[in-house]
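Sequential numbering from 1 applies to the sequence shown in UniProt numbering.
Here's the structure we're looking at; comments come further down.
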Amino acid sequence: MSGDRPSPLVIERILRDRESIWQQIVAERDLNALTGRMLTSSAIALACYGAVLGFFHSPLMALTSALKLPLLFLVTLAICLPTLYLFNLVFGARLSVRQSLALVMVAITVTSMLAVAFAPISLFFLITANDYGFFKLLNVAILTLSALVGLRFLTSGMQVLNDHGLLAPEAANAKVGEQAAAQAPAQAVPAAVAVGATPAVATGQSAEPVAVPAGAAVAESTPNGAVTTAPAPAQVPTQGAGQPAGAPFPPGMLPPGYMAQRPWDGRAARGGEPAQRPASMTLLYIWILLFGFVGTQLAWTLRPFFGDPGQDFAFFRSIDGNFYAEILRTIANL
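This is the structure we're talking about:
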């Protein structure tokens, strides 16, 4: 599915073709349109699910919950997004505000669509098991599960951006470039080279073998000036200082004029050790915890969403206690 093709079912694209979503965010291509579609889809899905929650009390509560549940997610995003953006800036990441917003909106879209997918189950228990405590815990579990899956998409997207170097500090990228330049030959001599042929090496320095890792790509120059890459041969017959004509270099060695090219994966400079996780990825998990705490406290502030059948309708309740104490109290009452 093309990343530029508008579609009202943005969730289907996220689930079926998520790689194109990540690539679109990396390239910052049409992010305003993508974010707008995700925002619209999320608001509609959360409003539908909120209406199911409020129907436990009354139709009027269903209407207010349909308004407050999308508001809950959007206000939580507005509170926490600057923190995510500044975390990335402090640790050298190169994410823009639009990229950060699009990533978080992917998570919210997945969360809202999973929640509305559970709406028929919630409605079924509303009709068949009219118990306030059970219904409240059931929907808290549904929203928690949906949020965990949505945040998993957020971490996956951040990992893709990390693979493209958007989370690595620029200083680290410069250091990698310096190391690659230091390991390159002093002079690169274009030559048309074929395995088993003797390339002409025009250099004033003594020919010394250059070690090339097995399987590395080798840059070669063709007669028309184009540069191509080919796997490094095990043995290349050539003439070097102190060697007879046609004597092969040892396996894995190449004469001057070759440039070994291998994609940087964060291992070579550390002797083959796995690449370290960037600090911005570690801070992402801290931000997810912060997002969860802000969201739950805001949900407690905006309550009621379900509406206790023993109390009259109210748009808001007084702020006393907290979300976690209420959940524990509900479990104890069950």
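Beta carbons are placed, not taken as given, at the ideal position from N, Cα and C, and that holds for glycine.
Determine the direct distance from the alpha carbon of residue j to that of residue i, and round the result to whole angstroms.
i: residue 370; j: residue 13; result: Missing from the structure shown is residue 370; the chain here goes from 1 to 334 and no further.
i: residue 115; j: residue 143; result: 6 Å
i: residue 308; j: residue 149; result: 29 Å
i: residue 87; j: residue 41; result: 28 Å
i: residue 310; j: residue 131; result: 12 Å
i: residue 90; j: residue 84; result: 10 Å
i: residue 327; j: residue 94; result: 40 Å
i: residue 333; j: residue 117; result: 29 Å
i: residue 37; j: residue 289; result: 26 Å
i: residue 62; j: residue 128; result: 18 Å
i: residue 331; j: residue 321; result: 16 Å
i: residue 21; j: residue 312; result: 46 Å
i: residue 329; j: residue 19; result: 43 Å
i: residue 64; j: residue 324; result: 23 Å
i: residue 318; j: residue 293; result: 19 Å
i: residue 92; j: residue 281; result: 12 Å
i: residue 28; j: residue 315; result: 40 Å
i: residue 146; j: residue 9; result: 18 Å
i: residue 11; j: residue 133; result: 32 Å
i: residue 161; j: residue 135; result: 39 Å
i: residue 368; j: residue 23; result: The structure shown has nothing for residue 368, since the chain only spans 1 to 334.
i: residue 283; j: residue 119; result: 33 Å
i: residue 49; j: residue 300; result: 17 Å
i: residue 26; j: residue 15; result: 18 Å
i: residue 141; j: residue 43; result: 20 Å
Measuring alpha carbon to alpha carbon, tell me which of the options ends up nearest residue i.
i: residue 100; options: 323, 286, 35; result: 35
i: residue 31; options: 63, 97, 328; result: 97
i: residue 39; options: 322, 105, 139; result: 105
i: residue 80; options: 48, 137, 291; result: 291
i: residue 297; options: 72, 46, 146, 159; result: 72
i: residue 138; options: 82, 60, 52, 33; result: 52
i: residue 17; options: 285, 157, 295; result: 157
Ordered list of beta strand (DSSP E) runs contained in the stretch 50 to 114, each at least 3 residues: none
Contact between the stretch 144 to 157 and the stretch 105 to 115 (3+ Cβ pairs under 8 Å): yes
contact_flag[the stretch 65 to 78, the stretch 300 to 311] where n(CB pairs < 8 Å) is 3 or more: yes
The stretch 51 to 59 contacting the stretch 74 to 84, beta-carbon criterion three pairs below 8 Å: no
Stretch pair the stretch 118 to 128 + the stretch 159 to 166: three plus CB contacts closer than 8 Å: no
Every unbroken alpha helix (DSSP H) inside the stretch 107 to 165 [4 residues or more]: 119 to 128, 132 to 163
Alpha helix (DSSP H) runs wholly inside the stretch 13 to 50, at least 4 long, in chain order: 18 to 27
Length at least 4, wholly inside the stretch 286 to 332: the alpha helix (DSSP H) runs in chain order: none
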